[in-house]
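Asks: In terms of the numbering used here, the sequence shown opens at residue 1 and continues consecutively.
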Amino acid sequence: MQLQVIELSKTFQRRKVFENISFSLRDCDSLVITGPNGSGKTTLLRLLCGFIRPTSGQIIYSEQGHNLSWRQVRQRLGWVAAELVLYEELTAIENLNFFAKVRGLSHTTADSKRLLSMMALERCGNDPVASYSAGMKQRLKFAFALLPEPEILLLDEPSSNLDEEGRRLLDSIIEQQKQRGLLLVATNDPREVHYGETLLQLGAGDVSNNEQRFTF
1 MQLQVIELSK TFQRRKVFEN ISFSLRDCDS LVITGPNGSG KTTLLRLLCG FIRPTSGQII
61 YSEQGHNLSW RQVRQRLGWV AAELVLYEEL TAIENLNFFA KVRGLSHTTA DSKRLLSMMA
121 LERCGNDPVA SYSAGMKQRL KFAFALLPEP EILLLDEPSS NLDEEGRRLL DSIIEQQKQR
181 GLLLVATNDP REVHYGETLL QLGAGDVSNN EQRFTF
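(1) DSSP beta-bridge partners for residue 183?
(2) With residue 183 and residue 30 assumed to form a contact (beta carbons below 8 Å), what rounded beta-carbon distance in angstroms separates them?
(3) Does DSSP classify residue 80 as helix, strand or coil?
(4) Taking Cβ positions, are residue 41 and residue 35 nearer each other than 9 Å?
(5) What do you get for residue 87, buried or exposed, if any count of 16 or more other CB atoms within 10 angstroms of its CB means buried?
(6) Please report how far the alpha carbon of residue 218 lies from the alpha carbon of residue 177, in whole angstroms.
(7) Any chance you could list the beta strand (DSSP E) runs of at least 3 consecutive residues sitting entirely within the stretch 28-107, in chain order?
(8) Less than 8 Å between the CB atoms is what I'm expecting for residue 97 and residue 107, so what's the real figure, rounded?
(9) Does the stretch 132-149 come within contact of the stretch 51-60, defined as at least 3 CB pairs closer than 8 Å?
(10) Let me confirm a value: residue 24 is counted as buried when at least 16 other C-beta atoms fall within 10 Å, else exposed. Which label applies?
(11) With burial defined as no fewer than 16 other Cβ atoms inside 10 Å of the residue's Cβ, what is the status of residue 53: buried or exposed?
(12) Taking the beta carbon of residue 105 as the centre, do at least 16 other beta carbons fall within 10 Å, making it buried, or is it exposed?
(13) Could you name the residues that DSSP lists as bridge partners for residue 18?
(14) Who are the Cβ neighbours of residue 45 in its own chain at under 6 Å, not counting the five residues just before and after it?
(15) Which term fits residue 12, buried or exposed, when burial requires 16 or more other beta carbons within 10 angstroms of its beta carbon?
(16) With residue 116 as the anchor, note down where its beta strand (DSSP E) starts and where it stops.
(17) How would you write the range of the alpha helix (DSSP H) that residue 146 sits in, first residue to last?
(18) Compute the Euclidean distance between the alpha carbons of residue 16 and residue 188, then round it to the nearest angstrom.
Below you can see the structure in the form of structure tokens.
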């Protein structure tokens, strides 16, 4: 899997969010996106998911030299963000089973239970999500993201509402993803900068990779 971002710009109602961002990632590469509030971190992730379109520039996912359609990308993609909606009247297992069906995934209740166990939620899989704490809901979002065994994992403020145990689970997911595919994390938390080998600072005009710096 390869991701190429070429001179990407986004404007909302004449307000320029960012412009001319370029970078590329290959299998097992990881990128952390930082920047002040309003610099466009979440917007960039939404663009990379194909949820919104850029004002200009290109986003190209490819595999073995062949470009992927957005439909193919979404089949390979996991996403964690505050805007992810959970059906609170349903149980966690019912939520996972429903969204797996919507995405056309080969999935069983046993798979849902396995994902919940990974996030230490196995004891409350049959409880309605409305009864979950904010931290439990955040863990459940990670279970959603892992439904397709993603080749591309996009995380927006991933440690939000997590306690120390939740952070340890997050660290484990991060390390597993680095062995499996692409990882992109948007964050304002300095404790999460180490998740990526490459750092993209929005609003700062540069990408830093180890000790190297590249100007857009």
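In this text, a Cβ means the ideal position worked out from N, Cα and C, and glycines have one as well.
Replies: With the given structure in hand:
(1) 30, 153
(2) 4 Å
(3) strand
(4) yes
(5) exposed
(6) Given a span of 1 to 216 for the chain in the structure shown, any question on residue 218 remains unanswerable.
(7) 30-34, 56-63, 77-80
(8) 7 Å
(9) no
(10) exposed
(11) exposed
(12) exposed
(13) 10
(14) 154, 156, 186
(15) exposed
(16) No beta strand (DSSP E) holds residue 116; the alpha helix (DSSP H) holding it covers 109-118.
(17) Counting along the chain, residue 146 falls outside any alpha helix (DSSP H), and DSSP gives it neither H nor E.
(18) 21 Å
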